[in-house]
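Its first residue numbered 450, the sequence shown is counted upward by one per residue in this note's numbering.
Even glycine gets a Cβ: it sits at the ideal position worked out from N, Cα and C.
Values in this document were obtained by computation on a predicted structure and should not be read as measured data.
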Amino acid sequence: MPKRAIITDKAAPAGGPYSHAVIAGDTIYLAGAIPALPDGTRVTGSFADQAHAAFKNLAATAEAAGASLDDAVRIGVYLRDFADFPELNKIYPEYIKGDNLPVRTTLPVALVGFDIEIDAVLYTGA
């Protein structure tokens, strides 16, 4: 089954030569979403402001691919400062819901210019 790339103007532009998402069969791979607006303007300010913006970009990409974050089977969260982990856990359930939550990995990384990046793998099969 061929893969299909998704690019949407409803999320922040990709930061390089890659797609927002790739659909391969029943699986959708979402590229890392950062705190930026669809016009490319970076969201600055509190960690919460940045986290909400990144999750909104991830959700917009999922929607453009014909799915939702409810279809997530894996979420990757990358934090500039791991001290933001408790606040992430308060915000996370606003976007990732349900009885069958996806697996998640949260790592501290050397992000430059923003505090959070989030990627995901979605499954839309039966």
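Can you say whether residue i is buried or exposed, counting buried as having 16 or more other CB atoms within 10 angstroms of its CB?
{"i": "I456", "result": "exposed"}
{"i": "L528", "result": "buried"}
{"i": "A470", "result": "buried"}
{"i": "F504", "result": "buried"}
{"i": "P484", "result": "buried"}
{"i": "A395", "result": "Past the boundaries of the shown model lies residue 395; the chain is included only from 450 to 575, so the question cannot be answered."}
{"i": "D564", "result": "buried"}
{"i": "D576", "result": "Nothing can be reported for residue 576, as the shown portion of the chain is limited to 450 through 575."}
{"i": "A473", "result": "exposed"}
Please report how far the alpha carbon of residue i lies from the alpha carbon of residue j, in whole angstroms.
{"i": "N506", "j": "N549", "result": "22 Å"}
{"i": "A482", "j": "I567", "result": "5 Å"}
{"i": "I545", "j": "K452", "result": "26 Å"}
{"i": "K459", "j": "Y467", "result": "16 Å"}
{"i": "A532", "j": "M450", "result": "42 Å"}
{"i": "A500", "j": "T555", "result": "13 Å"}
{"i": "V526", "j": "L537", "result": "9 Å"}
{"i": "A508", "j": "L518", "result": "6 Å"}
{"i": "T493", "j": "P542", "result": "22 Å"}
Look at residue i and residue j and say whether their C-beta atoms are less than 8 Å apart.
{"i": "T510", "j": "L479", "result": "yes"}
{"i": "A569", "j": "I540", "result": "no"}
{"i": "I477", "j": "A502", "result": "no"}
{"i": "L571", "j": "D530", "result": "no"}
Taking the alpha carbon of residue i as the reference point, which residue from the options has its own alpha carbon closest?
{"i": "P462", "options": "E536, V526, T490 and A516", "result": "T490"}
{"i": "R523", "options": "G547, P551, P535 and A508", "result": "P551"}
{"i": "F534", "options": "V492, V558, A508 and G494", "result": "V558"}
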